[in-house]
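Numbers 103 to 208, taken from my numbering, label the letters of the sequence shown in order.
A virtual CB, placed ideally from N, CA and C, is assigned to each residue, including glycine.
The next block holds one structure in the form of C-alpha cells; read it before the comments.
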Amino acid sequence: MKRLFFLELVLLIVVVVVISGFIYTSIMAQENKLTTQEITISDIVIKEDYEALEVDITIPVIQGLEDRQVEEEINQTIKEDILNYKYRLQTESEEYLQEAKNEGWE
Numbered sequence: 103m104k105r106l107f108f109l110e111l112v113l114l115i116v117v118v119v120v121i122s123g124f125i126y127t128s129i130m131a132q133e134n135k136l137t138t139q140e141i142t143i144s145d146i147v148i149k150e151d152y153e154a155l156e157v158d159i160t161i162p163v164i165q166g167l168e169d170r171q172v173e174e175e176i177n178q179t180i181k182e183d184i185l186n187y188k189y190r191l192q193t194e195s196e197e198y199l200q201e202a203k204n205e206g207w208e
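Written out as C-alpha cells, the structure is:
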C-alpha cells in the first residue's frame with residue numbers, strides 16, 4: 103500500500119514537472135519572438151529670439167512603434183519636459199535681465 107502511494111506520488115510529481123516544462127517553454131517562445139519594427143527618430147526644431155534669451159532647441163520625435171499609444175505618451179513626455187525647461191530658462195533669463203537693468207548693468 104505504501105509502495106503504491108509512493109509510486110502515485112512520484113508519477114504526480116513527474117507529470118507536474120513535465121507540464122511546467124511545457125508551459126515554461128511556450129512562455130519563453132513568446133518572449134523571445136522577434137518583432138520587426140521600423141522605428142525612426144525625427145525632430146522638431148524651435149528657434150526663438152527674445153531680449154534675454156536665444157532659443158535653439160531640437161525635440162526628438164519617435165515614430166514607428168507598434169503601440170501607438172505608448173509612442174504618443176513617450177513623445178508627449180519628452181516634448182513637455184523640454185518645453186517646461188525652456189519656459190523655466192526663459193523666465194529666469196528675463197528676471198536676470200530685469201535685475202541687471204535695475205542695477206545699471208545694461
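Check, Outcome
"Give the DSSP-derived three-state secondary structure of T138 in the structure shown.", "coil"
"Grouping DSSP H, G and I as helix and E and B as strand, with all else coil, what is E182?", "helix"
"Specify the secondary structure class of E205 as computed by DSSP and reduced to three states.", "coil"
"Do L185 and E153 have their C-beta atoms within less than 8 Å of each other?", "no"
"Any idea which residues DSSP pairs I159 with across the strands?", "I148"
"So the candidates are Q171, Q178, G206, G166; which of them puts its Cα closest to the Cα of E140?", "G166"
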